Each structure stands twice: as C-alpha cells, then as structure tokens.
Amino acid sequence: MVASNGPHMSVYDQRAAGVVSHTDSPALISRFTTSGSEVQALSARGDFVAFVDEDGHAGVCDIADDPSVSLSLFAGGHDALAGCVVLHPEMPVMASGGFDCQMLVWDLASETTTSAFLAGSVSGADSPIISQQLINPPFCYALDFAPADTGVNQLMRVVSGHADGRLLCLSDEAVLCWPDCHRYSISALKFVCTRPDILATASLDCSLALWDADSILHPDIGAARSDGANMVVLDKPPRLLAREELGAKPDTLVSSEITPTIYTDQGCDIVSYLIA
22 MVASNGPHMS VYDQRAAGVV SHTDSPALIS RFTTSGSEVQ ALSARGDFVA FVDEDGHAGV
82 CDIADDPSVS LSLFAGGHDA LAGCVVLHPE MPVMASGGFD CQMLVWDLAS ETTTSAFLAG
142 SVSGADSPII SQQLINPPFC YALDFAPADT GVNQLMRVVS GHADGRLLCL SDEAVLCWPD
202 CHRYSISALK FVCTRPDILA TASLDCSLAL WDADSILHPD IGAARSDGAN MVVLDKPPRL
262 LAREELGAKP DTLVSSEITP TIYTDQGCDI VSYLIA
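Numbering (this note's numbering), first residue to last: 22 to 297.
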C-alpha cells in the first residue's frame with residue numbers, strides 16, 4: 022500500500038501487523054520525498070506508482086527498488102495544481118489532469134507527453150452548466166482509461182470528469198464532450214472493474230451515477246456539433262443506468278476487482294453499493 026502526506030510518500034506491507042498511521046509502524050517499508058511539493062493524487066499498478074503534485078509536476082517510481090533512486094520527475098507538466106492521475110492497466114502510459122483544465126497523456130518510457138487537450142468553455146448549449154463555467158471552470162478532477170475495444174483498430178481513450186459537471190472522452194480521433202452530466206463538480210469516476218460496460222461517477226452535487234459505457238465510447242454523434250479544438254459536443258447526456266442521491270459530498274470512488282461493488286465516502290463513513 023502507498024500513501025502520501027505532504028511531499029512524502031510511504032510504502033507499507035499490508036501483510037505486516039500493526040498500525041500504519043505512524044512512521045515507526047512495523048508495516049512501513051520505505052518513506053521518501055517526491056518533488057518537495059504536496060502530492061495531490063496517486064495511482065498504483067504492480068510495483069509502479071504515479072503521482073502528481075500541487076505545482077503541476079507528474080512523476081513515477083518503482084517501489085520494488087529504492088523509490089528515492091527510481092523516482093522520475095517528468096519535465097513539463099501542468100501550469101497549475103495537478104489533481105488526478107491514472108496509470109494504464111497494461112501499457113506504459115499514464116494520464117493526468119489539472120487545474121489548468123488540461124488532460125495530459127504521458128509515455129513512461131520517454132517521460133514525455135504524447136497528447137494534450139485543454140478543456141475550454143462549451144458555447145451554445147441550452148444548459149445551466151454554461152453559467153456555472155463562470156464560477157467553476159472545467160478543472161479536471163478525475164479520469165480513467167476506458168476498457169480496450171476488441172478488434173484490430175483499438176483506440177486508447179481517457180474519460181475525464183470536470184468541475185463544471187461535464188464528461189469528456191479523449192482519443193486520437195476526437196474529443197467528445199457531454200456538458201451536463203452532473204449539476205456540480207464531478208469529484209471521482211471509475212469504470213467498474215468487473216463490469217467494464219458501466220462508468221460510475223461521483224459528484225459534489227451529492228449524487229452517484231452509473232452510465233452505459235457504450236454510449237460514451239460509441240455515441241451517436243449525428244446530432245452533435247463541433248465546438249472547435251477538435252471537440253465534439255453532445256447536448257444529450259450518455260445513457261443513465263441509475264442515480265443515487267447521497268447525504269454528503271463524495272470525494273473518492275473505488276471499484277472492487279472481485280465483485281461488481283463500488284465504494285465511496287460519506288462523511289466519516291465508507292459506503293458500498295453492489296451493482297445488480
């Protein structure tokens with residue numbers, strides 16, 4: 022298990038007995054400093070951990086080796102606080118999002134960006150979200166890699182959630198935008214591990230939503246309109262499967278790798294939902 026506190030990251034052995042909330046825990050394997058700025062988000066895959074910080078830096082380290090030696094801080098990055106990061110489940114690729122309203126896709130081997138997109142304002146849509154953009158710019162709060170299609174021409178796609186309630190789906194071909202998926206900021210999203218046909222989103226409008234992933238990855242764009250910068254705007258949201266009103270604003274969303282269960286925070290509690 023990997024946790025962060027300020028600019029420090031700690032690696033724990035979950036098999037070891039003892040409390041992991043203090044630095045002399047018997048479960049603590051290593052502790053190291055990243056860039057000197059506060060770490061905002063982590064993503065782990067095997068022995069690799071990706072991170073982003075409040076100064077917009079992105080990086081990765083191998084916790085199987087000495088993390089302080091294997092740590093790589095990438096050149097470039099976001100022009101403001103970076104708030105989310107995710108490692109691709111199979112490829113040496115990661116994506117990050119920030120308060121500069123950018124989504125960046127990184128190649129881990131070259132430590133450079135392979136694509137970047139700036140989420141600008143959506144114009145002309147008949148939606149209350151448009152007035153929200155003056156108060157809540159489309160900061161990128163959450164993102165996840167979409168499950169790969171079967172077939173020869175597989176696209177690598179990233180789905181992101183933003184402070185103005187929009188969802189974006191980014192690929193090399195186009196950027197698709199649904200401007201009014203939530204009434205307020207999308208704080209977390211995740212493709213359900215055992216049900217990759219479902220995208221779950223959590224929002225600061227105190228709701229949890231389940232979306233048909235196929236309507237996001239393969240939408241009917243016949244009535245869509247171009248909004249510049251290679252962005253295609255779909256005024257009709259993706260197909261909604263279920264929506265649950267919550268008692269508090271959720272910040273996180275986790276999917277079980279064994280059962281079709283998602284977990285979110287509600288105040289001081291962790292709440293689970295089993296998808297039928």
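Note that the Cβ used here is the ideal one computed from N, Cα and C, for glycine as well. Since this is a predicted model, take the numbers as computed values, not measurements.
- Pairing L125 with V73, the inter-Cα distance amounts to about 12 Å.
- Of the candidates M252, V23, Q35 and V180, M252 places its Cα closest to the Cα of G141.
- If you look at D286, you'll find it in the beta strand (DSSP E) that goes T282 to Q287.
- Note on geometry: alpha-carbon atoms of D128 and K211 lie some 21 Å from one another.
- A Cβ-Cβ distance of about 25 Å is found for the pair P271 and L255, leaving them out of contact under the 8 Å criterion.
- Straight through space, the alpha carbons of A223 and I296 are spaced by roughly 15 Å.
- A234 carries a helical assignment under DSSP once its states are collapsed to helix, strand and coil.
- When the beta-carbon positions are compared, L220 and D201 stay at least 9 Å from each other.
- Between the alpha carbons of A263 and S136 lies a distance of about 33 Å.
- Under the 10 Å beta carbon count, E111 is surrounded by fewer than 16 other beta carbons and is classified as exposed.
- With fewer than 16 other CB atoms across the displayed protein chains lying within 10 angstroms of its CB, T273 is exposed.
- DSSP, reduced to helix, strand and coil, places S93 within a strand of the structure shown.
- C-alpha of E132 to C-alpha of G97: approximately 10 Å in a straight line.
- Judged by their CB atoms, L197 and I242 are nearer to each other than the 9 Å cut-off.
- Listed in chain order, the non-local C-beta contacts of L102 below 7 Å within the same chain comprise Q61, E75, G77, G119 and F120, local neighbours out to five positions each way being set aside.
- Shortest Cα-Cα distance from G67 to any of C289, I84 and S236 involves I84.
- Between R204 and S236 the beta-carbon gap is near 20 Å, outside 8 Å, which marks them as no contact.
- DSSP, reduced to helix, strand and coil, places P258 outside both helices and strands of the structure shown, so it counts as coil.
- Of the candidates P88, A130 and F53, the residue whose Cα lies closest to the Cα of P113 is A130.
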